[in-house]
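First up is the structure itself, then whatever we jot down about it.
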Amino acid sequence: MSGLSHEPPHHTSVEQLVSLAEQALADHDCESAINLYNKALHTDNKNSHAILGIAGAYEHKAQQTNEEAFFKLAFSNYDRAMYMKLYIPESIDGLIRVGTRLTMYDEVIAIIKRELKITPNHELLSGALKKIQTISLLSIPENRSNTASKPKLINRLLFDFVMPFAGIVMFLMGVMLPQYGPRLKITQFSFAFFVAGLVLFLAYIFSKIHKAPEIKKRKNW
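Shown next as structure tokens:
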């Protein structure tokens with residue numbers, strides 16, 4: 329803190345308010361910076377410097393306090409900057425940075441795609457889309473650790489092959505035992521095999537249906 333007062337004089341212009349806010353932020357006085365940026369936006373709600381400034385001030389405040397609410401306010405204002413067509417590294421990087429902190433990958437992707445519909449083939453936006461998609465992909469737990477790849481492969485083999493195969497075999501045994509079981513004297517187990525096989529197979533099907541959206545999401549990348 330510099331000890332300087334960041335209170336604006338009367339009849340201060342938007343430019344002066346923004347300048348005072350920038351000085352307050354440089355002095356790590358986030359509260360004063362946010363108040364000054366808000367005053368500037370109250371006068372001119374489309375002022376690009378004030379929009380980006382308050383987004384940065386909220387992000388700085390969030391880093392100081394580690395409060396999610398301030399990160400969300402920062403994200404909202406970076407989104408506002410994008411809506412205002414401020415396609416510059418400061419706004420794009422801020423959106424990705426805060427969105428990643430909040431794990432709001434889908435929201436960031438949607439915002440960038442929204443802007444690309446309006447401004448197709450924009451170099452910075454296209455690069456940002458690839459960047460956030462990569463970050464989102466790497467954030468999936470299955471892709472985070474190579475050390476766990478062998479257990480996961482075994483689990484996948486068990487789930488995708490052993491489980492449905494066992495379910496089908498037990499189901500067929502439950503169906504066929506009443507016909508061939510008397511010779512082996514094991515007909516009493518036919519219903520148990522039938523139910524167990526059916527449960528295993530249905531559990532496999534429902535699990536696949538549950539994972540379908542995530543698989544589709546990965547294919548879209």
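Sequential numbering from 329 applies to the sequence shown in our numbering. Glycine residues also receive a C-beta, built at the ideal position from the N, C-alpha and C atoms. Computed from a prediction, not measured in an experiment: that's the story for all the values here.
- DSSP places His450 in the coil class of the three-state scheme, outside both helix and strand.
- Between the alpha carbons of Gln392 and Cys358 lies a distance of about 9 Å.
- The criterion of a C-beta distance shorter than 8 Å is not satisfied by Ile446 and Ala456.
- Pairing Asn405 with Val527, the inter-Cα distance amounts to about 50 Å.
- Judged by DSSP in its simplified three-state form, Ser376 adopts helix.
- A Cβ-Cβ contact shorter than 8 Å links Ala402 with Val426.
- Our two residues, Ala368 and Ser360, have alpha carbons roughly 12 Å apart in a direct line.
- Counting C-beta atoms within 10 angstroms of its own C-beta, Ala385 has 16 or more neighbours from the protein chains shown and is therefore classed as buried.
- Rounded to whole angstroms, Gln461 and Glu418 show a C-alpha spacing of 19 Å.
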